[in-house]
Structures are given as C-alpha cells and as structure tokens.
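Protein chains in written order, with the UniProt record's numbering: chain A, 1 to 333; chain B, 1 to 333. Yeah, the Cβ is synthetic: ideal placement off N, Cα and C, and Gly gets one too. Below is one structure, written out as structure tokens, with a few remarks after it.
Number of protein chains: 2
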Amino acid sequence: MSQRDFVSADEVARRAGVSRSAVSRAFTPGASVSDTTRQKVLQAAEELGYQVNHLARGLMRNESGIVCLIVSDVATPYRSTLLRELTLQLQLAGKVAMLINTDRSDGSVNRALEQAIRYRADASVILSGLPDKSITELCLRSGQRLVLINRDEDQSGAFHINLDDREAAGRVVTAFVRAGCSRLAFANSEAGTPSLMAREAGFIAAAKEQGLDVIVERHGSTGYEAGRVVAQRLLTRKERPDAVFCATDLLACGLMDAARHQFSLSIPQQLCIVGFDDIEQASWSSYRLTTFAQPIGAIAREAVAWLSQGGVADGRSLTLQADLIWRDSVRGG
Amino acid sequence: MSQRDFVSADEVARRAGVSRSAVSRAFTPGASVSDTTRQKVLQAAEELGYQVNHLARGLMRNESGIVCLIVSDVATPYRSTLLRELTLQLQLAGKVAMLINTDRSDGSVNRALEQAIRYRADASVILSGLPDKSITELCLRSGQRLVLINRDEDQSGAFHINLDDREAAGRVVTAFVRAGCSRLAFANSEAGTPSLMAREAGFIAAAKEQGLDVIVERHGSTGYEAGRVVAQRLLTRKERPDAVFCATDLLACGLMDAARHQFSLSIPQQLCIVGFDDIEQASWSSYRLTTFAQPIGAIAREAVAWLSQGGVADGRSLTLQADLIWRDSVRGG
DNA sequence: TTGTAGGCGTTATCAT
DNA sequence: ATGATAACGCCTACAA
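So this is what it looks like as structure tokens:
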C-alpha cells in the first residue's frame, strides 16, 4: 500500500491551539462550543484540509451512515432509475450508499448482506434476489435495518415495499377487452420473481373472470432479447394473440420490435401491447408504449424515511399502486 | 437509533476458548495460526454470526477497502453499464463500491470527494464532472488514488482513462463521404465536457480536410429529448443535412425517431446517422444504429487494476480506441 | 504458535 | 465552555 496520511483531529487541535475534544465538538451539530473556538477550529481544519474520519466516528457512535444497496442488473433502465432515486434520497438524509452488485452466481445476496454487516451498515436495501432467512435474521438481530423492494413478503422485522401487481394486471384485462381483444397472452421471463409471477397470476385470474383464456409464454431473463423470442413463439401460432401483456417494458419493446419488423404487424391495430415499469424508452416515439409507471420516487422516499428514522422500528409492509400510462400501443385509450 | 449489537471478536474468542488475537489471526490470510485453533475460531464465528468489523479494521490497517464512484446521470444507459462493470471488477478485487450521486447542483463533485475522504476511501473514480484542483490535490496528498474516466487531462498524479475521440470522429467523416454524403452536421449537447467537445472538434477538423463544412447544433443535456430538438433545428433548414454524427447514442435515437416519424425520412437512404457509446438500445431493431462501442470492460479493468495495485502509484494516462460498430444507419457499411 | 499490551482516530463522560 | 480520560473493535509488535 502506498503511504496514506490523512490529517487527524490532533493536528487540527494543535494548529488551532485547542484540545481534540474541542475539534470533535466543532464538528458535532448541537455540541456546546463557543463561537470563537469553533471558528478557530474550522479555520485550522480548512487550512489543513481536515475531514472527520467516519470510520472512527462510526466505531464510536455505533452508526456508520452507510446504507447498502443490493442489486443485480444495475444496467437495466428500471433498476438504474431506482438506484438514482435511492442514492439521491439517501444523500439528502445524510447517509451514503454502498453498492453491491449481485450479478454473479446464486447465494450472492447472502454474501452481499455479510458485506453489509462487515461495514456495519445502518441498513440494507434489497432490490434483487432473496436472501436466506438465517442471514436476514442475523442482520435484524444485529440492529441492521432491512428494506425489501418488490420482494417476497416472508421476512418479518423488515420493511416491505410492494406494488399491487394483481390489481394492475386486472386493469390490463379490462383495457384489452374494451379494445375488442379476445386472444390474450402474457409474456414473462423465467426469472419467476414474486412480482413478475403476481402480474402473471393476476392477469390470468382477471381474464378468467371475463371467460377468457391466456396463453403464457416465458423465456430467459427480463430483457429485450427475451421479448423477441417470446414474440417468435407467440406470433407463429395458428391462433395468433391480438393482445399481449408483458411483465416488463423491456420485454414489451423486444416483442413490439419483432411484431413490427419481423411479422409486419401494426400496433395497436393488429396487436395490442401493455408493458410494466414505464422505463424511459417506453415513451420514445418508436414505442409509445402503454404501461404502468412504478412510483419510483415514492418508493425511494418511503424506503429512506423508514430506514433513517430513529428509535426502534418494527417490520412493516407498504403497498403502492402503479399508474397506468396510456399511450398508443392499445386501441381506444 | 435503535439498539445495535453486532457480535465482536471478543465474544468469538470466549466461545472458542482462545484469545482475541487468535480470532484476528484466523481472519487474516497468511497469519500464523495452527489449523486446530483456526477451526475452533471459525466454528465459533459461524455459530455466533460473527463478521469482521471493517470500520475498525480499516482504522488499523489504514486501508478501508472502499472505493468511491462519483457519478451523475446514473440512470443513463452508458453510465449504468459502466457502473455495473466497475462494481463487478471492484468486488473481484476485494474492494467495495461507495456510490455518490452528483446530480444536484454544481460543486457537488467537490463535496463527493470530501465524502470519499471522510470514509477514508482507498480511491475515487470520477465518471462525471470535474473537481477543483485544490480538492484533488488534497486527495492525492492524503494517499487516496484518483481515476478520471473520460475527463480532462489536467490532474497530475491521477490516472486518466480516455478514448481517442478525435480519431473516432475522423473515421465518421470517412464513412459519410464513402456513403456519398456531403452536407454534414454534428449534434451535440450543451454540456461541453471534454470528450464531447473532442468528438465535435475532431469531426469538424476531419471534414475540413475533405473540404466539407459542418453544421453544429447543440442543445440541452445529452439525452433523447435533446436529440429531438436538434433534429427539429437541423431538418427544417433549406439545406437539409444528409449525414449527422451525434455525440451520443441517446441523442442519435432522439434524432432518428424525429427524422422518421416527424419528417418521414428514410434512414439511411435520405439521412445517415452515427452515434457514440453503443448503448443497448442502439442494437434494437428500431434503430440498428451505426456507432462506436466504448471498451467498457477494458476501462473498468484498467481502472481497478491501477487503483488496487500496491506500492506507490504515479499518475498515468491511458488512451483506448473505440470500436466502430457497423449497423444500418449509414449507407454502404 | 500463542497471549499480552498498546495504538488507530473518534466520541462520550467526567471533571474543571 | 473546555480539557483529560476511557472506551469503540480491531491489528500488530513483542514476549512467552
């Protein structure tokens, strides 16, 4: 390691002609220091380029200020938007985000949480994957807060933020029926995460109420390419669907592109499509996708509010509604 | 704050019937411990759910394992991809990423670096913005490494990774001329970052060598919407351009969509377009954009290799080439 | 190989 | 309001 030499409170104290404690107090909001000494300290610190060592402070205060964000597929539009919002809110709350990428292999969520513990993170936010119960219990027992976004509901003590996926799916059926569609399909990935499966189940159930069957096709991960593959399967059937609900916008974009450029179908005339997430691309004029907007701002705000609150926090569950954004991929908006 | 109670090395030592130091050694690769005690310690740790406190360890070792990633516009395709790659490489190198969002206001890069110092980050990687020299010197002086990606060249002691933007721009002119284009335009944002301006300058210079003028149009930030606005300006001129080089793919997508859907132009027959970054959307069948692929993997690898190397590191500069990806937005690939 | 003692840079407690 | 002193949890000589 190269030589590291950060300036310490001692040096500031010496230069300002006060004690270490005075320096500490000058950097602690609400501590009892006279204005004159505070000024002396602040000036000395400025001149030396002193910054409080948060490693040491965290050790003492038993509060690191660190919040771990555990996530896979960061490069995905929806994920990266959520990430942006979370980091922003965290910073506003005086916290700092530690980003842990779980793209590689399974069980990596567990390893990520261990990392969170090692850095004594005040809280962890899980955006992807599902950790084992033993490790989340360890977190909770250690006093580390846990927020699960769009994850399953089985971790007591943690804060769950979910969308009402089933309700949303029901509205899609209504929209499709109103558009005169009758051959419904659902495009999903093989990921099988709770929220994705809830959309699928909700769609099927609502369709059944209308006396309609649903063709379900699943493939790969939740991306553009998977959408193309699913389109291939769906649009070569003898009984071609006239309406597809896609579990995510990325799937929808892939499916829409294939439908247009490979099968020469007009949208929404010959095929209605609804997506989920309202990623930026959904509004691009090549897509103009009717889709559900996740309340990303609200999710981030609620998450940060909960994890940065003082006092003992109980586990809790919050269900938010997704907004249906009408654009041009369904007839008769 | 709720009660926090992480298990410490003391407790592990007691349970394993050894001393604290034995515990420490058991978790230090290459320390001299007998296999039997190591096993005892590891088992006790496992049972108690012990994890080494990296705050304390960082304090002692003078090496936190933290690397700060300083970035704005995280939700942008190119940025988020780079972020994914960097976090992955960092984790492979045994480091952990601290993400600092500088979306708000100016001078926030300076604040971000101060944050990096407070957490005693081993290094900082700057993906956006440009810090004041005084603060980067403080970082360097404190022994914190600095990597600047696609930033300006004026920070000595830091590691600079840049693309050869001018060379790339030159190749675009060649491609346009070969496609029979003669009314060249450059679409840029008003951001004015070094790499963006280098692409612009390089394009103009290369065109001049061919005896060609370039219409330059700049607007807003580097996004899809700006591309639409620029298209508006460019395509309503009496002398409509027949080839546009866009500073980024996002601009290119916006411009292409406007050209097609608003001006009913065929691409590449009536208008050739080249972008930069090779974001995922560039390959989608609605765009099939000819563009430059940033060597993101190499950038991330080089950055992490440099910042995690032992010993004293000198400032250094690395220039990488961008690969031209031929797709369908230029005639005669 | 093992345990003991001292120190890393803070903050909190206690006098003054 | 200020300064000395004791933690916080860990690592690392040093001694055994």
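Kindly indicate which residue of the options has the alpha-carbon position closest to the one of residue i.
i, options, result
"B:C272", "B:R327, B:V229, B:A298, B:G297", "B:R327"
"A:L114", "B:T193, B:T37, B:Q51, B:A243", "The amino acid at residue 114 of chain A is misidentified as Leu; the sequence shows Glu. When each option's Cα is compared against that of A:E114, the closest is B:Q51."
"B:V304", "B:V330, B:R237, B:L148", "B:L148"
"A:T248", "A:S308, A:F159, A:E225, A:R331", "A:E225"
"A:R120", "A:V96, A:Q281, A:G220", "A:V96"
"B:L234", "B:S221, B:G211, B:T222, B:A258", "B:A258"
"A:M256", "A:S329, A:D73, A:L88", "A:S329"
"B:G236", "B:L265, B:K208, B:C253", "According to the sequence provided, residue 236 of chain B is Thr. The question's Gly does not apply to it. Of the candidates B:L265, B:K208, B:C253, the one whose C-alpha sits nearest the C-alpha of B:T236 is B:L265."
"A:V274", "A:G65, A:G17, A:L42, A:C253", "A:C253"
"B:F203", "B:G192, B:I215, B:T193", "B:I215"
"B:I135", "A:R141, A:G94, A:E46, A:I135", "A:E46"
"B:R141", "B:A158, B:I126, B:L127", "B:A158"
"A:D314", "A:A207, A:Q155, A:S221, A:Q232", "A:Q155"
"A:G332", "A:T174, A:P77, A:F276", "A:T174"
"A:N101", "B:T87, B:L92, B:A93, B:D106", "B:T87"
"B:D213", "B:S32, B:V229, B:P241", "B:P241"
"A:N150", "A:R111, A:S285, A:P194", "A:P194"
"B:L42", "B:R15, B:G192, B:Q232", "B:R15"
"B:S108", "B:Q39, B:D132, B:V177", "B:D132"
"B:Y78", "B:I279, B:R178, B:I70", "B:I279"
"B:A13", "B:I161, B:V33, B:D35, B:K40", "B:K40"
"A:S317", "A:T76, A:R111, A:G192, A:H160", "A:H160"
"B:G220", "B:V18, B:L69, B:A231", "B:A231"
"B:R4", "A:Q321, A:I117, A:G17, A:R20", "A:I117"
"B:S72", "B:F27, B:R183, B:L127", "B:L127"
"B:L99", "B:S124, B:Q89, B:L90, B:C68", "B:C68"
Determine the direct distance from the alpha carbon of residue j to that of residue i, and round the result to whole angstroms.
i, j, result
"B:E85", "A:A300", "24 Å"
"B:I325", "B:H54", "44 Å"
"A:R104", "B:F6", "28 Å"
"B:H261", "A:T319", "39 Å"
"B:S283", "B:L289", "6 Å"
"A:M1", "B:V312", "Interpretation of A:M1 is limited by its pLDDT of 47, a score under 50 that renders its predicted location unreliable; no figure is taken from the coordinates."
"B:L48", "B:N188", "57 Å"
"B:E153", "B:L130", "10 Å"
"A:C181", "A:A243", "6 Å"
"A:G58", "A:S64", "4 Å"
"A:T37", "A:S8", "18 Å"
"A:F292", "B:A93", "39 Å"
"B:V23", "B:A31", "11 Å"
"A:I66", "B:E239", "56 Å"
"A:A298", "A:D277", "14 Å"
"B:D122", "A:I296", "32 Å"
"A:G223", "A:G192", "14 Å"
"B:S80", "A:Q281", "15 Å"
"B:L82", "A:Q309", "33 Å"
"A:L307", "B:D106", "28 Å"
"A:K208", "B:Q269", "48 Å"
"residue 376 of chain A", "B:E302", "Only positions 1 to 333 of chain A appear in this structure, which leaves residue 376 of chain A out of reach."
I'd like to confirm something about residue i: is its beta-carbon nearer than 8 Å to some heavy atom of the ligand ZN, or not?
i, result
"A:Q43", "Looking at this structure, you won't find the ligand ZN or any other ligand, since it has none at all."
**Prompt:** What are the uninterrupted segments assigned as alpha helix (DSSP H) that are 4 or more residues long and contained completely in the region 91-125 of chain A, given in chain order?
**Reply:** Positions of the alpha helix (DSSP H) runs, each at least 4 residues long and wholly inside the region 91-125 of chain A, are given as 108-118 in order along the chain.
**Asked** Quick one: complete beta strand (DSSP E) runs, 3+ long, within the region 245-317 of chain A?
**Response** Segments of the beta strand (DSSP E) lying fully in the region 245-317 of chain A: 272-277, 290-293.
**Entirely enclosed alpha helix (DSSP H) segments - the UniProt domain "HTH lacI-type" (7-61) of chain A, minimum 4 residues** = The UniProt domain "HTH lacI-type" (7-61) of chain A contains these whole alpha helix (DSSP H) runs: 9-16, 20-26, 35-48, 54-61.
**Request:** Could you name each continuous beta strand (DSSP E) segment of 3 residues or more that falls completely within the region 160-216 of chain A, going from the start of the chain to the end?
**Result:** Runs of the beta strand (DSSP E) inside the region 160-216 of chain A: 184-188.
**Within 7 Å of chain A by C-beta, residues of the region 107-131 of chain B in sequence order** = Per Cβ criterion, the list reads E114, Q115, I117, R118, Y119, R120.
**Item:** At least three beta-carbon pairs within less than 8 Å, the region 198-208 of chain A to the region 165-175 of chain A
**Value:** Segments in contact, yes.
**Request:** Kindly confirm or deny that the region 235-249 of chain B and the region 139-155 of chain B touch, where touching means at least three C-beta pairs closer than 8 Å.
**Result:** These segments do not touch.
**Prompt:** What residues in the region 170-196 of chain B bring their beta carbon closer than 7 Å to a beta carbon of chain A?
**Reply:** Of all residues in the region 170-196 of chain B, none has a Cβ within less than 7 Å of some Cβ in chain A.
**Prompt:** Residues in the region 278-305 of chain B with C-beta within 9 Å of chain A's C-beta atoms, listed in sequence order?
**Reply:** Per Cβ criterion, the list reads E280, Q281, S283, W284, S285, S286, Y287.
**Residues, ordered as in the chain, of the region 83-99 of chain B that lie near chain A by beta-carbon distance below 7 Å** = From the region 83-99 of chain B, only L83, R84, T87, L88, Q91, V96, A97, M98, L99 have a Cβ closer than 7 Å to chain A.
**Request:** Name, going along the chain, the residues of the region 6-27 of chain B whose beta-carbon falls closer than 7 Å to a beta-carbon of chain A.
**Result:** Flagged, chain order: F6.
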